[in-house]
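S.K.:
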Amino acid sequence: MSVGGADEFRRPTPSTNQTRIEGALHVNDATEVADEPPIYGTAGAAAVRAEGLVKHYESRSGVIEAVRGVDLAVESGEIFGFLGPNGAGKSTTVKMLTTLLSITTGSATVAGIDVGREPDEVRRRIGVALQEAGLDPRQTGRELLVLQGRLFGISPADSAVRAQELLALVELEGAADRRIKDYSGGMKRRLDLASALVHQPEVLFLDEPTTGLDPASRLTVWEEVQRINERGTTVFLTTQYLEEADQLCDRLAIIDNGRIVREGTPARLKAELRERRGLETEPTLDDVFLDATGRTRDRSAGDVQEVLA
Amino acid sequence: MTEAWVLGQRALREGWRTPEALLPTLFIPLFFLVVNVGQAAKIFPGDTTGFLHGQGYGAFQLPSSLLLAASFGTAALFLVEDIEGGYFDKLRASPVPRTAIVLGRLIAELVKGVLIAAALIVLGVIFGISIASGPLGFVLLVALTALWSAVFVGFMQLIALKTRSAAATNSAGLIFFPLLFLTPNFVPRDLLTRPMEIAATLNPVTYVMEALRSLILEDLDWGAILPGFAVVAVLGALMLALNVRMIRNYD
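In the order they appear, the protein sequences are chains A and B. Each residue of the first sequence is one higher than the one before, counting from 12 in this note's numbering. Each residue of the second sequence is one higher than the one before, counting from 1246 in this note's numbering.
#1: Would A:Leu-111 pass as an interface residue toward chain B - the criterion being a Cβ-Cβ separation below 8 Å?
#2: Could you check what DSSP says for B:Val-1432 in three-state terms: helix, strand or coil?
#3: Can you check which of these residues, A:Ala-99, A:Asp-188, A:Leu-162, A:Leu-83, is closest to A:Glu-76 by C-alpha distance?
#4: What residues in its chain sit with their C-beta under 6 Å from that of B:Phe-1214, if we drop five residues either side in the sequence?
#5: So what does DSSP say about B:Val-1398, is it helix, strand or coil?
#6: Report yes if the CB atom of A:Val-65 is closer than 8 Å to the CB atom of A:Val-85, and no otherwise.
#7: Quick one, are the C-beta atoms of A:Arg-270 and A:Gly-63 less than 8 Å apart?
#8: Given that B:Arg-1262 touches chain A, what residues does it touch there, using C-beta distances under 9 Å?
#9: Please confirm whether A:Val-133 and A:Thr-116 have their CB atoms less than 8 Å apart.
#10: Is any beta-carbon of chain A found at less than 8 Å from that of B:Val-1341?
#11: At which residues does the beta strand (DSSP E) containing A:Leu-215 begin and terminate?
#12: Taking the continuous alpha helix (DSSP H) assigned at B:Ile-1352, which residues delimit it?
#13: Taking A:Ala-187 and A:Tyr-194 to be in contact with their CB atoms under 8 Å, please state how far apart those CB atoms are, rounded to whole angstroms.
#14: Does the pairing of the region 233-250 of chain A with the region 258-267 of chain A give three or more beta-carbon distances under 8 Å?
#15: Residues of chain A with CB under 7 Å from B:Tyr-1332, in chain order?
#16: Does the CB of A:Arg-161 have a neighbour CB from chain B at under 8 Å?
#17: Please compile the residues from chain B whose C-beta is within a distance smaller than 8 Å of the C-beta of A:Leu-208.
#18: Could you spell out the range, first to last residue, of the alpha helix (DSSP H) harbouring B:Ser-1416?
#19: Does A:Arg-135 have its Cβ less than 8 Å from a Cβ in chain B?
#20: Just list the residues that DSSP pairs A:Glu-69 with in beta bridges.
#21: Which one of B:Arg-1258, B:Val-1477, B:Leu-1271, B:Met-1246 has the shortest CA to CA distance from B:Ala-1388?
#22: CA-CA distance, B:Ile-1273 and B:Leu-1386?
#23: Chain B partners of A:Leu-337, CB-CB under 9 Å?
#24: Measuring only between beta-carbons, confirm whether A:Asp-131 sits less than 8 Å from chain B.
#25: Closer than 9 Å, Cβ to any Cβ of chain B: which residues of the region 100-128 of chain A, in chain order?
#26: Between B:Lys-1357 and chain A, is there a C-beta pair that is closer than 8 Å?
#27: Could you check if B:Met-1246 is buried or exposed, using at least 16 other CB atoms within 10 Å of its CB as the buried criterion?
#28: Count the other C-beta atoms from every protein chain shown that fall within 10 angstroms of the C-beta of A:Arg-287, then say buried if there are 16 or more, exposed otherwise.
#29: How is A:Leu-290 classed by DSSP in three states: helix, strand or coil?
#30: Just the Cα atoms here: how many angstroms apart are B:Ala-1266 and B:Ala-1285?
#31: Would you say B:Asp-1466 reaches chain A, if we count a Cβ-Cβ gap shorter than 8 Å as a contact?
#32: Let me know the secondary structure DSSP gives A:Arg-273 once reduced to three states.
#33: Is A:Ile-124 helix, strand or coil when you go by DSSP?
#34: Kindly indicate which three-state DSSP category A:Leu-296 falls into: helix, strand or coil?
#35: If we define contact as Cβ-Cβ less than 8 Å, is A:Val-74 a contact residue for chain B?
#36: Looking at C-beta atoms only, is the number of pairs between the region 1394-1408 of chain B and the region 1306-1319 of chain B that lie closer than 8 Å three or more?
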C-alpha cells in the first residue's frame, strides 16, 4: 500500500460478518503457513502502462469511439481504481489490457510485456475476473478451479492442492463439490475471484467485482482483494461504487467518454476539488466523480437524480 | 494437446450432466428411421430390390439416421452459453492455445459421436440389419459417423462464434436438412432425376452417406469408403482452421 496511513482508513467497517471474516483469515493463515507461496509481483516496474490507447468499433451507424486515447501508469503493488459512468470505456479498456479486445491504436504493457505483441505472455501473468462471473454452471467449484490450474500448465496433483487452498481463501470449502449453478451471486463472485488467482498472477484485473452483491458479500470481497494485494499482486479494479474505490484504492483514475478526466490518490483528488471550488467541508469521492464527469445532483419531486451539469 | 484433452473432458462432463440435450440426438434419428422405413419399405422389398443387396430397406436408411444423429451440433449451443456467461472470455484470457479451445469441444463431440453411432447401429442390428463389411466395417461406420459429427459441430461453432446467438446457431443447424435431402437419401444416385443427381454429386454429404451405406450393405469397398473419409478429412481440417482463425480474431 503506497498511501501513507491509509490502511486503517481502507479497512472495511466491522459488521455482523466480522467473525466469519476473521475465522476465514485464521484458516487461510494456517493453510498458507504450511506452503507459503513466494511473493510475486513486477518488482518495481510499472505493472500496467497504457499510452494513447484507442478502441474503435465499426457499427451500422458508423464508427463508435469507445476509448479515445487513454494514458495510464499503474505501479507494481498498487490497488488501482478505474471509475467512470456506464459506457465511459472502463470495461473496454480492461478488455484491451487483458488481451480480450484488439487495440485500435496506441500501446499497452502489462507486467512489462507488450499486450499487442506477446498476448500469451501477458495471459500467463494476469488474473481476470470480468463483470459477468465467467463460470461454467455445470461444473462444481472444485472442478472449475482444478481445470483452471491445468490450463495454466499446473499438474493435476498441484492443481487439486491449489484449488483446496483457494476454496479456503474464498470460504467456499463447504460448497466445493456443489454445481456452480446452485451458488448464490456472492459465491459465484468469490469463486470467479479464486479462479483468477489459481496461477498466482502478477496483475489481477477485477471488472466491477462487487456489482449486485449484498453488503456482507461485498465486504468479504474487499477483504480478499486487500489480502491478495498485501501478498504482492497489483490490482486493477473497475467499480461504480465510489465507497469501494475510496476504501480500497491507493490511486484511481476517472474515465468519461473514453478519456481519463482525473487521476490521483482519493485524498489528493478530494483536496484538489476542495481547493478549486473553495469548499468549506471535505468533499466526498462522489463529489469528485460528479465534478469530473460533468454531472451534478438534481433534487426534484423528492428524488435525487444525477444529471449532466 | 494436454489443454485440448482437459477441455474435452470438461465438455464431456457438460454433455453428461445435460442428458436432456443428448437424448434427442438418439431418439429423433430413430424416429426418422422408423417413419422412413414404414413409408417406403413396401416400395423396395429386400428380396427383389438389387441396391439393397438382400437386406431390408432399414439397412439402406440407417446411414441417413446416423448422419442426422451426428448433425445436431449441440456443442455449439454450449459454446454460445459459454460466450453469454463469460466463461469463453475466461478461456481466452488464459494462455491456452486457441487450437486447444476448438479441439477440446471437437474431441468431446467425437466421443459423443462414437457412443451415439454405436448405440444406433446396435439397435439396427437388433432389428435385423446386418453389417456386411464385418467388425472392421462396424468400426469404420462408427468412426466415420463420429468424424462427421465433429465436422458439423465445427461448422456450427463458426456460426456460434460469428453471431454469439443461440437462436442464430440453432437456425444454422437446419442447413443440414437441405444437405441431407440433396443426397441419394431414398434411392441410389443413379436412380435420381438428372438435376437431383447433379446436386447430389456436388454435395459432399453424398460421399459420406455412400461410404456409410457401402459399409452396411457390401463387403469392404474402398472405392466407396475412402471418398467419405476424404470428405470428413478435408472439411474437418477446414473447419478447424476457420474456427482457430475466428477465435484468434474474436473481438
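Ideal Cβ positions, reconstructed from N, Cα and C, are used throughout, including at glycine. Computed from a predicted structure; not experimentally measured.
M.R.: Considering the structure as presented:
#1: yes
#2: coil
#3: A:Ala-99
#4: Lying before the first or after the last residue shown, residue 1214 of chain B is absent from chain B, which here runs from 1246 to 1496.
#5: helix
#6: In this structure, A:Val-65 sits away from A:Val-85, with a CB-CB distance that is not shorter than 8 Å.
#7: no
#8: Arg-149, Gln-150, Arg-190
#9: No, the pair does not count as a contact, with Cβ atoms beyond the cut-off.
#10: True, the Cβ-Cβ gap to chain A drops below 8 Å.
#11: 214-218
#12: 1343-1371
#13: That belief does not hold up - the Cβ atoms of A:Ala-187 and A:Tyr-194 are roughly 11 Å apart, past 8 Å.
#14: yes
#15: Gly-145, Leu-146, Asp-147
#16: yes
#17: Here the premise fails: no neighbours, minimum Cβ distance about 13 Å.
#18: 1411-1418
#19: yes
#20: A:Val-74
#21: Out of B:Arg-1258, B:Val-1477, B:Leu-1271, B:Met-1246, B:Val-1477 has the C-alpha closest to the C-alpha of B:Ala-1388.
#22: Cα-Cα distance, rounded: 19 Å.
#23: What the structure shows of chain A is the stretch from 12 to 320, and residue 337 of chain A is not part of that stretch, so it cannot be assessed.
#24: yes
#25: Lys-106, Thr-109, Thr-110, Leu-111, Leu-112, Ser-113
#26: Any Cβ of chain A closer than 8 Å to the Cβ of B:Lys-1357 would place that residue at the interface, and such an atom is absent.
#27: Exposed, because fewer than 16 other Cβ atoms sit within 10 Å of the Cβ of B:Met-1246.
#28: exposed
#29: A:Leu-290 falls in the coil class under three-state DSSP.
#30: 30 Å
#31: No - not a single Cβ of chain A is within 8 Å of the one on B:Asp-1466.
#32: strand
#33: strand
#34: Helix at A:Leu-296.
#35: no
#36: yes
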